[in-house]
Structure formats: C-alpha cells, structure tokens
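Participant:
Residue numbers (full-length UniProt numbering), protein chains in the order written: chain A, 1 to 136; chain B, 1 to 136; chain C, 1 to 136; chain D, 1 to 136.
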C-alpha cells in the first residue's frame with residue numbers, strides 16, 4: 001500500500017493574473033517542479049540519472065484538468081503517485097486547496113536511453129525506489 | 001473550409017536543457033502565447049474580453065503529446081484550429097519542425113462570465129470571428 | 001542588530017541550460033520569489049497589501065552581479081536584508097552555494113499608492129515588521 | 001554611426017499581474033529573449049557559439065530601471081545597443097511604449113572560453129558583426 005509523494009506549493013503574487021488567480025503556465029511550472037522534487041526525494045534526481053546513468057524519463061504526454069482556480073497565498077498540496085509500467089512510468093497528480101481538488105492529471109513518461117536511441121526497461125533500483133509511493 | 005491560425009515559435013537558448021532541447025514548461029509557455037496571439041488576431045484579445053465584455057475562456061483541460069524534441073534555433077510552426085461548441089471552444093494545436101510533428105494536443109476552454117458564475121453561450125460575434133479558422 | 005531573512009532555493013533540472021547551469025531568467029524568478037516569501041513571512045504579503053491596504057512596493061531598479069554559476073541540485077541560500085528609506089525600501093540579496101557567493105545585488109522598491117498616484121511614506125507597521133531583518 | 005537592434009515585444013495576458021501590468025520576471029524574460037534574437041540576427045546565435053566556437057558571453061551584471069508599467073496588448077519597442085570592450089560587451093537596452101521609456105538598463109557580459117577557464121578577447125568576426133549596431 002503506497003502513500004503518494006506530497007509537497008505544498010504556495011502560489012505567489014508573481015504567478016497571478018488580472019483576476020488574482022494563477023496563470024496556467026505557472027501551474028505547469030509547479031507540476032514539473034513537483035516531478036523534479038519527487039525524483040530527488042527518491043534518490044534519482046533528473047540531473048543525475050541523465051549524466052551518471054545515461055537514461056532519462058522524457059515526457060510523452062500530459063493531461064490535466066483544472067477544476068478550481070488558485071490564488072496568491074494559497075497553499076496547494078500536490079500529490080504525486082507513480083504508476084509503474086515496464087518501460088514507462090505515469091506520474092499521477094492531484095492538487096488540493098482547502099481540501100478541494102484544484103487540478104489533477106498525469107504526465108506519461110518513458111524510460112529512454114540518453115541520446116534518443118529508444119526506450120528501455122525501468123532499472124530495477126529505480127522501480128524499487130518508486131514502489132513505496134505507488135498505487136497498488 | 002477553414003485555415004488554421006499559424007505562428008512561428010523560434011526556440012531560444014534560454015528555453016533549452018542540458019541536452020540542448022526545450023524544457024516542457026517552455027513549450028507550454030509557447031502554446032499559451034499562441035492562444036493569446038490568436039485571440040488578438042481575431043479581435044478578441046484575452047485582456048479585452050474580460051475587462052470590456054465581462055467574460056473569459058478559462059482552461060478546463062489540456063492534453064498534449066510530445067513526439068519529437070525541439071532545439072534552440074528551431075523554427076516551430078504552431079497551428080491552432082478552434083473547434084466550436086455551444087458554451088465552449090477547443091483549441092487544437094499541431095506544432096511542426098522541418099515538416100515533422102513535434103507536439104500536438106488541445107486546450108479545452110469554456111465560455112464563462114467573469115467572476116465565476118457559470119458558463120454562457122459563446123457570443124455570436126466571437127463565434128463568427130473564429131469560424132474562418134475552424135475545421136469543418 | 002538585524003538578521004537577514006533567509007531561504008534555500010534548490011536549483012531544478014528545468015532551470016538549467018545546455019551547460020548544466022541555471023539560466024539567468026530562472027535566477028531572477030528565484031529572487032522575486034524570495035521577496036514574495038519575505039513579505040509573507042513578515043505578515044505583509046504582496047497580495048494583501050495591495051488589496052487590503054491600497055499600496056504596493058513596485059520595483060524601480062534592480063542590480064545584480066553573477067559571480068559563480070549554480071547547477072541543478074544546488075541548494076542556494078538566499079539572504080534578503082531590507083534597507084529602509086522614508087518612502088522606499090531596498091531589498092539587498094546575497095546568494096551563496098557551498099559558502100561561496102553565487103550572485104548578489106538589490107531591488108530598489110518605492111512605497112506607492114495603488115493606482116499610480118505617487119509615492120507615500122512606508123507605513124509604520126510595515127517598517128516595524130521589517131526592522132528585525134534590517135542592517136544597522 | 002550605428003543603429004541599435006530593435007524588436008517589438010507584445011505584452012501578453014499571461015505576463016500580467018492583478019493590476020493588469022507585466023510582472024517584472026516576465027520583463028526580464030523579454031530582455032533575455034532580445035539578447036538571443038540579436039545574437040541570432042548577427043549570425044552568432046548563443047546556441048552555436050558555445051557548441052561550434054567554444055566560447056560564450058555569460059552575464060556578469062545586470063542593471064535595469066523600471067519607469068513605467070506595461071500592460072497586456074502593449075507593443076514595447078526594445079532597442080539593444082552593444083558597447084564593445086576588449087574582452088567583454090555591454091548590451092544596453094531602452095524599451096519604449098507609445099514613445100515613452102518604460103524600462104532601460106544593461107547586461108554586462110564577458111567573453112569566456114566554454115568550460116570556465118577565463119576570459120578571452122572578443123573574436124574579430126563577432127566584433128565586426130556587432131559594430132553596425134554599436135554606439136560610437
């Protein structure tokens with residue numbers, strides 16, 4: 001039984017639009033930052049796996065739904081649950097503010113050799129590092 | 001028979017990652033900029049409809065697939081085709097570099113009163129302004 | 001004797017360039033985020049003072065020197081020291097990584113009525129909230 | 001007698017804050033984009049000089065003054081004038097909207113070997129390419 005990875009994103013004044021709500025591209029920044037924080041947390045930071053292990057997890061698809069706007073000062077709890085495939089991983093996100101879902105969706109990522117020569121199996125140690133956070 | 005709206009996005013050095021390819025959040029910036037340019041082109045800039053007409057086209061869903069990376073200096077042709085609903089519009093995107101699809105997807109937008117009190121029909125003049133670009 | 005406000009900025013993969021170092025605009029994002037965090041910390045978040053108090057601290061000048069590049073994964077300690085004027089405040093920054101200065105500089109901000117009708121004295125309660133962090 | 005390099009930056013809705021004016025970090029993005037466009041215009045794009053010539057023009061200082069806010073839809077004319085040193089170049093910027101200066105300042109850049117082993121003379125061909133835009 002996994003527990004999702006969780007971080008709190010505080011919406012900043014500089015993220016907000018003329019109606020006081022966060023611009024969509026800034027929400028996407030926060031989602032990508034969450035994936036980066038997760039990979040660092042499990043000991044496989046994006047900047048290390050590419051340089052030291054020769055592989056990456058490039059994004060092949062993203063799908064997000066926006067249910068409620070968020071405002072400057074909001075503390076948004078972003079949960080990330082990895083869903084493990086053989087040669088891919090899906091990062092599933094749910095972001096809540098005051099207990100209500102604000103946005104949710106997923107990033108589909110493949111495991112690929114650096115340099116673009118095709119997909120590969122998720123390394124066993126990466127798989128093991130993600131499993132405690134996975135749904136099952 | 002509509003023709004999509006088209007703009008060229010030149011990938012900049014400051015958009016690129018350690019492998020020389022554009023970071024995903026920077027691609028999302030370019031997509032949102034395209035929606036903004038389109039609305040300006042048809043005479044309904046986002047900044048005017050909200051202030052002068054009291055409505056907006058907030059994003060409720062986005063879905064993108066990334067097929068090929070793009071690099072600094074690439075001229076990426078981004079096409080936007082509006083698909084018109086009664087109370088919503090879907091902006092469909094196809095981005096090509098050297099004739100090959102680099103990324104594609106859509107933004108689903110609803111037509112909503114400013115201030116969040118529910119959806120409304122797309123105004124007739126906005127619908128007419130979008131139709132020349134619509135698929136049919 | 002004040003102690004500067006301090007936060008740690010972790011450089012992310014998505015901040016970095018083809019040489020693995022942070023793009024300058026991403027450093028500026030981190031500096032602005034620091035000013036926003038500071039204002040929240042002292043109880044005067046940017047989003048509140050403008051809406052509830054009718055004033056702001058718009059930037060009139062920024063000056064930064066970049067001494068050493070920072071890389072993905074670096075934990076950069078950013079210190080902010082407010083230097084208080086009568087109708088203005090200067091936010092002075094020093095950012096260090098592994099004890100070495102990476103970048104430093106200042107943002108000169110004026111205290112201004114919202115809506116652009118000129119500068120005003122820093123409110124006393126804001127001044128008092130900043131003083132514990134000020135150099136003297 | 002040089003003529004500065006000039007580009008028009010259209011402020012987008014997604015650049016603007018709750019008061020309808022551009023966030024400062026978005027202005028810095030536009031300035032950096034201008035430097036990138038200039039280098040491409042003169043035939044020395046940032047992404048080529050680093051990879052093919054083994055040098056770069058890293059930023060060592062930036063100084064900007066913000067005189068008037070800019071709003072979504074504003075067409076901001078950004079002028080760049082290179083001021084040539086022996087081992088450095090200063091990019092001087094003046095940005096105007098409706099003929100009035102909105103912001104201005106400079107980026108001080110050094111000419112450096114890629115990889116960080118010190119400064120070097122500006123290559124002659126780069127100097128020649130910049131001269132037509134230089135103040136004199």
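Backbone N, C-alpha and C fix where the C-beta goes; we use that ideal spot for every residue, glycine too. Please read these numbers as outputs of a predicted model, since none were measured by experiment.
(1) First and last residue of the beta strand (DSSP E) that includes residue 5 of chain C?
(2) Suppose the cutoff is 6 Å on Cβ atoms and the five residues either side in sequence are ignored; what does the same chain contact list for residue 107 of chain D look like?
(3) Please determine, among C/38, C/18, C/45, the residue with the shortest C-alpha to C-alpha distance to residue 79 of chain C.
(4) Thinking C-alpha only, which one of A/13, A/7, A/3, A/2 is nearest residue 73 of chain A?
(5) Could you tell me which residues DSSP pairs with residue 118 of chain A in its beta bridges?
(6) Cα-Cα, which of A/19, A/35, A/68 is closest to residue 99 of chain A?
(7) What's the C-alpha gap between residue 125 of chain C and residue 126 of chain D?
(8) Taking residue 114 of chain C as the reference, which of D/52, D/4, D/17, D/9 has the closest Cα?
(9) Could you tell me which residues DSSP pairs with residue 61 of chain B in its beta bridges?
(10) In angstroms, rounded to a whole number, what distance separates the CA positions of residue 35 of chain C and residue 30 of chain B?
(11) So, for residue 55 of chain C: in the same chain, excluding its five sequence neighbours on each side, which residues have a beta-carbon less than 7 Å away from its beta-carbon?
(12) Which class does residue 27 of chain B belong to by DSSP, given the choice of helix, strand or coil?
(13) Consult DSSP for residue 75 of chain C and reduce its assignment to one of helix, strand or coil.
(14) Could you compute how far the alpha carbon of residue 123 of chain D sits from the alpha carbon of residue 5 of chain A?
(15) Going by alpha carbons, who is nearest to residue 76 of chain B out of B/135, B/133, B/21?
(16) Which residues of the stretch 18–35 of chain A have a Cβ closer than 7 Å to any Cβ of chain D? Give them in chain order.
(17) If I measure Cβ to Cβ from residue 41 of chain A and keep anything under 8 Å in the same chain, skipping five residues before and after, which residues do I get?
(18) Could you run through the stretch 60–75 of chain D and flag, in chain order, every residue whose CB is less than 9 Å away from some CB of chain F?
(19) Show which residues of chain C have a CB atom less than 9 Å away from the CB atom of residue 14 of chain B.
(20) For the putative contact between residue 109 of chain D and residue 83 of chain D, defined by C-beta atoms under 8 Å, what is the C-beta separation to the nearest angstrom?
(21) Tell me which residue opens and which closes the beta strand (DSSP E) that residue 92 of chain A is part of.
(22) From the DSSP output, in three-state form, read off residue 45 of chain A for me.
(23) State yes or no: is the C-beta of residue 43 of chain D within less than 7 Å of the C-beta of residue 132 of chain D?
(24) In the DSSP assignment, find the unbroken alpha helix (DSSP H) run with residue 127 of chain B in it and report its ends.
(25) Please report the distance separating the alpha-carbon of residue 118 of chain C from that of residue 19 of chain D.
(26) Going by the DSSP bridge assignment, what does residue 113 of chain B pair with across the sheet?
(27) Indicate whether residue 28 of chain B and residue 11 of chain A have their beta-carbon atoms separated by less than 7 Å.
(28) Going by CA-CA distance only, name the one from D/15, D/23, D/24, D/33 that's closest to residue 23 of chain C.
Facilitator: Reading from the atomic positions:
(1) Position 5 of the third chain, counted from the start, is the residue given in the question as residue 5 of chain C. Where residue 5 of chain C is concerned, the enclosing beta strand (DSSP E) stretches over 5–10.
(2) For the purposes of this step, residue 107 of chain D is identified with residue 107 of the fourth chain, where counting begins at 1. Excluding residues within five positions, the ones whose Cβ falls inside 6 Å are 59, 62, 91.
(3) In the third chain, counting from the first residue as 1, residue 79 of chain C sits at position 79. Selected option, being the one with the closest Cα: C/38.
(4) As a first step, residue 73 of chain A must be located in the first chain, where it is residue number 73. Of the candidates A/13, A/7, A/3, A/2, the one whose C-alpha sits nearest the C-alpha of residue 73 of chain A is A/13.
(5) Taking the first residue of the first chain as position 1, residue 118 of chain A is located at position 118. Answer is none; residue 118 of chain A lacks a bridge partner.
(6) Locating residue 99 of chain A in the first chain gives position 99, counting from the first residue. Ranking the options by Cα distance to residue 99 of chain A, first place goes to A/68.
(7) The residue given as residue 125 of chain C occupies position 125 in the third chain. The residue given as residue 126 of chain D occupies position 126 in the fourth chain. If I take the Cα positions, the gap works out to 54 Å.
(8) Here residue 114 of chain C refers to the residue found at position 114 of the third chain. Nearest C-alpha to residue 114 of chain C: D/17.
(9) Numbered from its first residue, the second chain carries residue 61 of chain B at position 61. Looking at the DSSP assignment, residue 61 of chain B forms a beta bridge with A/65, B/108.
(10) Counting from 1 along the third chain, the entry for residue 35 of chain C is found at position 35. Counting from 1 along the second chain, the entry for residue 30 of chain B is found at position 30. Answer to the nearest angstrom: the Cα atoms are 27 Å apart.
(11) Translated into the one-based positions of the third chain, residue 55 of chain C becomes position 55. Here the set comprises 49, 111, 112, 113, 114, 120.
(12) Within the second chain, residue 27 of chain B is the residue found at index 27, counting from 1. Helix.
(13) As a position in the third chain, residue 75 of chain C is number 75, starting the count at 1. Three-state DSSP puts residue 75 of chain C in a strand.
(14) As a first step, residue 123 of chain D must be located in the fourth chain, where it is residue number 123. As a first step, residue 5 of chain A must be located in the first chain, where it is residue number 5. Their Cα atoms are separated by approximately 50 Å.
(15) As a working note, residue 76 of chain B is residue 76 in the second chain. Residue B/21 is the option with its Cα nearest to residue 76 of chain B.
(16) 18, 20, 23, 25
(17) Here residue 41 of chain A refers to the residue found at position 41 when the first chain is read from its first residue. Closer than 8 Å at the Cβ level, and outside the excluded window around residue 41 of chain A, lie 5.
(18) In the structure shown, chain F does not exist; the protein chains are A, B, C and D.
(19) Residue numbering aside, residue 14 of chain B sits at position 14 when the second chain is read from its first letter. Ordered by position in chain C, the residues that pass the 9 Å Cβ test against residue 14 of chain B are 17, 23, 24, 25, 26.
(20) Along the fourth chain, read from residue 1 onward, the residue named residue 109 of chain D stands at position 109. Along the fourth chain, read from residue 1 onward, the residue named residue 83 of chain D stands at position 83. Their Cβ separation, rounded to whole angstroms, is 10 Å, which puts residue 109 of chain D and residue 83 of chain D out of contact at 8 Å.
(21) In the first chain, counting from the first residue as 1, residue 92 of chain A sits at position 92. Segment 88–97, the beta strand (DSSP E) holding residue 92 of chain A.
(22) One-based indexing of the first chain puts residue 45 of chain A at position 45. Three-state DSSP puts residue 45 of chain A in coil, outside helix and strand.
(23) On the fourth chain, position 43 is the one that residue 43 of chain D refers to. On the fourth chain, position 132 is the one that residue 132 of chain D refers to. Going by C-beta atoms, residue 43 of chain D is not nearer than 7 Å to residue 132 of chain D.
(24) Reading the second chain from its first residue, position 127 is the one you call residue 127 of chain B. Per DSSP, residue 127 of chain B belongs to the alpha helix (DSSP H) from 124–130.
(25) Walking along the third chain from the start, residue 118 of chain C turns up at place 118. Walking along the fourth chain from the start, residue 19 of chain D turns up at place 19. Those two C-alpha atoms are separated by around 16 Å.
(26) Your numbering for residue 113 of chain B matches position 113 in the second chain. B/55, per the DSSP bridge assignment.
(27) The residue you call residue 28 of chain B lines up with position 28 of the second chain. The residue you call residue 11 of chain A lines up with position 11 of the first chain. Against a cut-off of 7 Å, the Cβ pair of residue 11 of chain A and residue 28 of chain B comes out as no contact.
(28) Locating residue 23 of chain C in the third chain gives position 23, where the first residue counts as 1. Selected option, being the one with the closest Cα: D/33.
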